[in-house]
Every structure is written in structure tokens, then in C-alpha cells.
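Everything below concerns the one structure shown next.
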Amino acid sequence: MSEEMWINMGPQHPMTHGLWNLRVRVDGETMTAAEPIVGYLHRGWEKMVENRTYPQIIPLADRLCYGSSFTWSHLYCLAAERVFNIEVPERAQYIRTACIEMQRISSHLMWLAAVGTDLGSYTILLYGMRERELFLDLMVELCGARMTYNYVRIGGVRNDTPPDFERNVTRVLDTFEPRIRDLEALCDECETFRMRTIDIGKINAADAMNLGLTGPSMRASGIDLDLRRHDPYEIYDELDFDVCTHTDGDCYARYRVRMDEMRESVKIIRQCLEKMPKGPTRVKVPRCPPKGTAVARVEDPRGESLMYMVSDGTDKPYRLKVRSPNYVNLSASPAMLLGNKISDVPAIMGVLDMCIGETDR
Amino acid sequence: METLYTVLQSLSEWLLGVIAWLIDWTRLGFLSGIADWVETEPVVTFLTTLLVAAIYFITLFMFGLCFIWMERKFMGRFMDRRGTQVGVLGFFQNFADGIKTMLKEHIIPKAADKGLFEMASFAIIATSAMLLGCIPLSPQFYVINVDLALLLGIAIFSFAPFGILIGGWSSNNKFSLIGGMRAAAQLIALEIPILMVVVSVVVMTGSLSFIGIVGWQQDNIWLAFPLFIGLITFFVAAIGESERVPFDLPEAEAELVEGWQTEYGGFRWGLIMLSDYLRAYIMCALVTMLFLGGWDGPDFVWAEIWYLAKTFIVFFFFIWVRVAMVRIRTDQILTLGWRRLLPLSIVNLLIAIALKTAEVF
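Sequences listed follow chains V and E, in order.
Take the first sequence: its position 82, counting from 1, is numbered 82 in our numbering, and each next residue is one higher.
Take the second sequence: its position 170, counting from 1, is numbered 1170 in our numbering, and each next residue is one higher.
Structure (C-alpha cells):
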């Protein structure tokens, strides 16, 4: 194998988590070039929504990402509310914030489970999925769905919390918090896990910024940027939480950032439940918004996601542009991959938390 | 002493006697020659050998299935789930899987080298089955008991990388090629520590036959105590030799689909899978035989039971390692083999020589 050869990892490959293709050129086992190719799951989402009325887009936005559908429908509603120029009731904001954080935890848990299989440990997969069930059950209780919730509405949320919801959430959090420790015992304290992640896929702060990395992947390179803190939406400015950063910029740092974020999310949910006021959860919204544009950006579990909406005064958006964090993170992946071994591909790409639904749209 | 062979020899003598009597009873003169021939020495030996091989193979085939079942059940328990559920304690799942693989179509890739492709799978399966014959269950229950059984076993075992490399190469697939290369590199890197540890055992016991080695341990001490370093080294290398997590990178499914087995399907894949477990069984058997006193144990149950109990306990540790670890990289495995296990095995050999020279045992 003295010659270099191209290997297509995908579109049907156990590493990919969805339909995309990673072409790598290998010299023996070392990668000398990498080229991610997306587009296999392109559904024309941005064009599709131009033929839907504003409320009809909410369930479609859910389907942008199966891992964190709540944040996407929430982002859509946030942008739409800015176009419609309406104020969301305070209780709805608290419910939304709590749900976003629950979604963040369950998304991170699913990410951890996927990393587990990528690295060859089914124990991590099953433990991650087991804890994720706790939060899915809460969401089922709240809105009846496990993955695509269709719960956020323009101007609030669909329904108020069911009775005993606060008690159940507290119970789940009390169960979950010590279990983070179990997950860390499985990963951090496992020598082989550290061997596979430390110093792998390193990317420094300048490169991370120039390549447009966002979210946990960027915070792992030592850049303290979290839209929940730096461009607060909903009620994040009233809450007390830390932005988790790490300085190493390798896979292990990205992993640590996400684990720490789960702890912070637990803190945020507890505060939301504590401070949640009584009141209405939804306001009436007119059928057609005024002419204008609006932009909303939120901190998705995977990075900074943004929606830019143009309204022409009809009941359908004129244009809806989505900035997917993963699309940008994926384009930065060659910088992480080069020089590493082919065995590191699952580690690096798994830790990036790929979700092709939002990447291709 | 009544061994499996002598028991079956008297059985086949009796059987052939019955056949000869039946032939005589027909009073057909031209058959009397056959009746005499049937009772001659070579025929009896042939039938006995056939019976021994059949019984031994079926017994160990069942152990192979027990190993798969045990792994599934224990992995389930380790991962907080139940494992297989078909039949009594989920034991019949293996049969269901076996039947499924038997019913599948046998596909040879168009680009593959057909002769080598077929040959490689048989080479791997046949060497694994041959190995079974080398390892006795007890002083009575064995197929062959040559003076160099240990050497013979190791020699057959080291034939496997050859088959795997051919299998990977002849599939004409990039993934299987890399997998085959990895398997060969890994098995060779770990074979040397294993041989060094085996040498230390031979130094201590002065015998190359399993019955001799276990006999020495029965008279003196289980070698696990004086050669503890050797036990650990051998255990780690044994996991690598049987290609299990954390050393399963020849078939690392995350990056190499299924490694060198990618193109094998149907019953050949099923047999390769079974031979993987047979090799795991052989490694467990070697650990038991060389360090844990083989069939040595209190007399209230058969020696075979002691031997099997110890083998299964060793395999339990294999499973434990599997569920607790993630897969490591090729270069890391080579580093481990050459720079950790090899020095340790040399230290172990020196300890054995020192103990022998000082005439402690």
C-alpha cells in the first residue's frame, strides 16, 4: 500500500450518521486529504417553506434535526415573532427555556451514545440512550411526542404544562445529575477512551474562528462565546449559568465541553422551574405579518443556528434562510482530519455531532 | 486409565463386531471377507478416530454457542438490559441466528478473486476447528495428546493472520484490505509476547504437552501465583489475538464497515463469526491451562467441569473488558504490543528462569 488511495466513507457507511460522504485520501493509514460531500439528503426545505403558511412551517422546522427538533422549531418561532412583532407571555418563555435545555441534554446524550458506537463501546450507547429516555418521557408528558414535538407556537407554546410536571422534572433531574457521573466514569476514566480522543483532531482558537466553528466545538478551542450569554433570547439573561469552555481544542475537550454543558443545563432547568410565573402561555397572532425582515439566532446544541426571514405581507414567508451550524462545522472538518489516522475519523466526526437533516435542509 | 479414546475404541469394536456378526448371519459366502476385514485393527482405529473427532467437535461447537450466549447475556446485564430473549434464558437465539445465516444467499463480489476468497474463509474456519483438537478438556477427554501439543497449538493459531490477510486482499475492497493489513500487523505484534509467556511456562514446567503442564501445576502450584506478570501479559495479548474490543480494529465497524469480513455474507460469515468465538474459547482455555491449573480442583465433580468453569470465568473477564473499553488505534496497539507487553513478557521469563535456577519449585 505504498500508493495513496481515496476511500469513500459514505453515503452508506456506519461512520456517517446520515447520508453524506467523506472522501479521504490515505497513505497507509494516515489521511492526507479529506473532502466532505453533502447533498444526499437535500429536500429543498428553504424553498418548500415558501409555499406554507406561517403556522404550517412549525412542524417542518421540527424535522430539520431529529436530534434537537425543539431548538429548530423554537428558532423558527423566534424569527416569526420578530416579523410579527409580538411579545411572548413570560410563562411561555420560561417553559420554552426549560424545554430548550431539556432538548440540549437529550441531544447531547444522543451525541454521546453515537460517539460510543463510533469508538466501539456499546455500553456508552446504551447508557446514553437510557438517560435520554428520561427526558423524552418528560417531553411526551408535555406534548405527546418523543422526537418531533410540534410544541412551540408563534406567540407562545401550544399548551400549558400538565399537572405535576414540575415535580416530575425535578425527579428526573435528581435522577439524572448523579448519572452524569456514571457516564463520565465510563468515558473519562477509561484509558482507551482518552487514548482515542486526547490530541486528536486538534484545532486552535484562530483556526476555529476563521473556519466558522460554533457551539461546543468552538468553545473547546478556548473561545468563550455562547449566544445564551452574549445575545440572550427568551429569559437567559435572568438566569445564572456558566459558559463551559476548554482550551485544548481536541476531541477530548469537545467531549468535556458537552458533558459540562449538560450539568449547566440541569442548573438552568431548575432555575426555570423555580422562577416560573403563572399566567397565559400563548397570545393571539394575526394571520399575516407586516412587511419586513427579521433575524433570530440561538445556541443550538450543535452550534449557532440562525434564521433570516423576509415577509412580503402575505401569510407565507417570502424567503426563509437557515444557517445550519453543522454545515459550517462540517466544512471545517478537513482541518481537523488531516494528519490523523483513518481510525480517528469516527472519533473526530462523531464528536462533531453530525446531523444531516439540518446540514442539507 | 479410561480415556475418551479407549471408551470409544471399545464401543467401535463392539459396533463393528455386531456388523460382522450381521454379515455372517446372512450366510452369503462372498461377504465373509468383508466381515473379517471389518474387525481388523485399521477399521477400528478409523471409526474410533472419526467418533472422537465428531464428539469433540460437537461438544466444542456447543461451547462456542455457549460463549456467544454468555457474552450476549452478560453484555446485556452490564448495559442495563436483558440480552437475548428467545427460548430458555435466550439460549435459542444463537440457533435462530445460525439458521438465518444458513438460509442466506452466498454472494461472491464480482471483483473478488473467487478461489482465494473462498479459500481464505475455509482456512480461517479450519484452523480454528483444528485448534480445538489440540486442547484437552481433561487427562481423559482429549483428541490428541502429543508431546508438543502446546507448540502445535500456537503454530496453528499463528496461521490465522495469513488467512485473514488473504481474505481481506482477495475481497478486492479497500475496507477489507485495510482490515486485513491491520489484522496481520496486530496478530503478529501480539504473537511474540504470547510466545515469550508460553516459553516461561515451559521453563517452569519442563513440558510442552498440556497434560504435562497441568500435571506439574497439580503437583506444585498454579502458575498464576509465581508468574502473575505473565498471566496479565498473556490475558491482554489473548484479547488482542481473539480480536475483541478493545483490540477489534481489524473489524472496526465504525471506520472499516466490517473490516476484512466486509464482503463475506451468509453462512461463511456465520462460520467466521463462530470461529471468532472458538478462538476466544481457545485463548480462555490457554489462560486456564497455563496459569489457572487447568482441570485441577477438588474431587467432588469431574475434572472437565473444573476446567470449563475456569474457562468461562476467564471469558467473563473478556466480556467485562469488552463492555468497559472503547476500541484503540492500530499504532497504539502496536505500541502496546512492542513496548509494553514484550518487555513485560521478558521480565516474566526472567522471573521464571530465576525461580527455576533457585530451585524454588
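The C-beta atom is built at its ideal place from N, Cα and C for all residues, glycine as well.
Spatial neighbours of residue i in its chain, beta-carbon cut-off 6 Å, leaving aside the 5 residues before and after
i                  : result
Leu1290 of chain E : Val1201
Cys397 of chain V  : Because chain V here runs from 1 to 361, residue 397 of chain V falls outside it and cannot be looked at.
Ile124 of chain V  : Gly116, Leu186
Pro1343 of chain E : none
Ile1019 of chain E : Val1038
Leu109 of chain V  : Gly128, Glu131, Arg132
Ser265 of chain V  : Glu101, Arg104, Ile105
Beta-carbon separation (whole angstroms), residue i vs residue j, contact threshold 8 Å
i                  : j                  : result
Val83 of chain V   : Thr281 of chain V  : In fact, because the Cβ distance is near 21 Å, the residues do not count as touching under 8 Å.
Leu183 of chain V  : Tyr233 of chain V  : Going by Cβ atoms, the distance from Leu183 of chain V to Tyr233 of chain V rounds to 29 Å, so no, they are not a contact pair.
Tyr149 of chain V  : Phe70 of chain V   : 5 Å
Met262 of chain V  : Ile105 of chain V  : 5 Å
Ala332 of chain V  : Gly212 of chain V  : 7 Å
Ile1154 of chain E : Val1198 of chain E : 6 Å
Arg25 of chain V   : Glu4 of chain V    : 5 Å
Asp118 of chain V  : Met15 of chain V   : 7 Å
Ile1282 of chain E : Leu1148 of chain E : Wrong, their Cβ atoms sit about 17 Å apart, outside the cutoff.
Three-state secondary structure (DSSP) of residue i
i                  : result
Asn1172 of chain E : coil
Asn51 of chain V   : helix
Met1 of chain V    : Confidence at Met1 of chain V is low in this model, with a pLDDT of 48, below 50, so its placement is unreliable and the value that follows should be read with caution. Correct three-state label for Met1 of chain V: coil.
Val115 of chain V  : helix
Thr281 of chain V  : coil
Ala34 of chain V   : strand
Ala1189 of chain E : helix
Met354 of chain V  : coil
Thr148 of chain V  : coil
Ile1351 of chain E : helix
Ser221 of chain V  : coil
Trp6 of chain V    : strand
Arg1082 of chain E : coil
Pro317 of chain V  : strand
Tyr308 of chain V  : strand
Thr293 of chain V  : strand
Asn1094 of chain E : helix
Arg1027 of chain E : coil
Leu126 of chain V  : helix
Arg153 of chain V  : strand
Leu41 of chain V   : coil
Asn340 of chain V  : coil
Glu90 of chain V   : helix
Glu191 of chain V  : helix
Glu177 of chain V  : helix
Beta-carbon proximity of residue i to residue j, cut-off 8 Å
i                  : j                  : result
Phe1074 of chain E : Ile1351 of chain E : no
Met102 of chain V  : Ile269 of chain V  : yes
Gly201 of chain V  : Ala80 of chain V   : no
Leu1355 of chain E : Pro1226 of chain E : yes
Leu1349 of chain E : Ala1189 of chain E : no
Asp74 of chain V   : Arg361 of chain V  : The amino acid occupying residue 74 of chain V in the given sequence is His; Asp does not appear at that position. In this structure, Arg361 of chain V does not lie closer than 8 Å to His74 of chain V by Cβ.
Pro334 of chain V  : Ala34 of chain V   : yes
Arg297 of chain V  : Leu352 of chain V  : no
Lys316 of chain V  : Glu50 of chain V   : yes
Phe1210 of chain E : Ile1135 of chain E : yes
Met364 of chain V  : Leu330 of chain V  : The question about residue 364 of chain V has no answer, for chain V in this structure spans 1 to 361.
Asp1248 of chain E : Arg1327 of chain E : yes
Met31 of chain V   : Ile223 of chain V  : no
Leu1177 of chain E : Gly1168 of chain E : yes
Met1196 of chain E : Ser1345 of chain E : yes
Trp1222 of chain E : Leu1292 of chain E : yes
Gly350 of chain V  : Asn326 of chain V  : no
Ile86 of chain V   : Thr161 of chain V  : no
Cβ-based neighbour list, residue i, same chain, cut-off 7 Å, excluding 5 preceding and 5 following
i                  : result
Gly1163 of chain E : Ala1120, Ala1123, Ile1124, Thr1127
Val1143 of chain E : Val1052, Ala1053, Tyr1056, Gly1133
Met1 of chain V    : In this predicted model, Met1 of chain V has a pLDDT of only 48, less than 50, meaning its place in the structure is not dependable enough to derive any value.
Ile1353 of chain E : Val1203
Asp310 of chain V  : Going by the sequence as given, residue 310 of chain V is Val instead of Asp. Once the five neighbours on either side are set aside, the close Cβ partners of Val310 of chain V are Thr293, Pro317, Tyr318, Arg319.
Cβ shell of residue i (< 8 Å), same chain only, five flanking positions each side left out
i                  : result
Asn168 of chain V  : Leu138, Glu141
Arg194 of chain V  : Asp188, Tyr252
Asp231 of chain V  : Arg297
Val1360 of chain E : Pro1226
Cys143 of chain V  : Tyr149, Asn150, Tyr151, Arg158, Asn159
Ala206 of chain V  : none
Inter-stretch contact at 8 Å, needing at least 3 Cβ pairs: the stretch 46-60 of chain V / the stretch 249-257 of chain V: No, they do not touch.
Touch test, the stretch 1252-1267 of chain E against the stretch 1222-1242 of chain E, Cβ-Cβ under 8 Å, three pairs minimum: no
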